Amino acid sequence: MGLRDRLVDLGMKTMSLTHRAVLKASGGRLLASFGPIPVVELHTIGRSTGKRRTTMLTAPIHDRNRFVLIASKGGSDRNPQWYLNLVANPDVELTVHGTTKKLRARTADGAEKAELWPQIVAAYKGYEGYQQKTSRDIPVVVCEPR
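As structure tokens, then:
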């Protein structure tokens, strides 16, 4: 991994830690959503370390029992670490508005992604730009109750 990739990873990790700290310090009042899209804390188990890992993400499609996450990494040519972790261990937890839910994550197949993608882009147009920026097929992750 080159210097640029390491800097991107460090920047994303710093952004996630800062976001989580602001959310916690404000009692969940600040940065709890991105417009109409809720911000969620995804808790995975590290595939190499076995340690609990937490990442701040948005869920552009969500309802009471289903949360859809986008492994865009800002259009990077590499999948985010959180995605690699949940592929290795799909039992995840998601904290939304202070409530933690036990969920199972799975990558949407081609047909399901094709159905969800227009809704995802309608919620946040930036995802379309991320997909155009990379040749990687950005995974769409569906999290549902275990």
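When we follow numbering that gives the first Met the number 0, the leftmost residue of the sequence shown carries the number 0, and every step to the right adds one.
Built from N, CA and C at the ideal position, the CB exists for glycine as well.
As the structure is a computational prediction, the values presented were derived from the model and not from experiment.
| Query | Result |
| --- | --- |
| Contact belief for V95 with V39 at Cβ below 8 Å, rounded distance in angstroms | 5 Å |
| Member of N64, D76 and Q80 whose CA lies at the smallest distance from the CA of R52 | Q80 |
| Given 8 Å, three or more beta-carbon pairs between the stretch 106-118 and the stretch 71-79 | no |
| Reduced DSSP category for H18 - H, G, I as helix; E, B as strand; rest coil | Note that H18 scores a pLDDT of 46, beneath 50, so its modelled location is shaky; the value from the coordinates is reported in the next line. Of the three classes helix, strand and coil, the one that applies to H18 here is helix, per DSSP. |
| Beta-carbon spacing of A66, L102 below 9 Å | Per the sequence shown, the amino acid found at residue 66 is Phe instead of Ala. Contact flag set, yes. |
| Residue environment, P117, which counts as buried when at least 16 other CB atoms sit within 10 Å | exposed |
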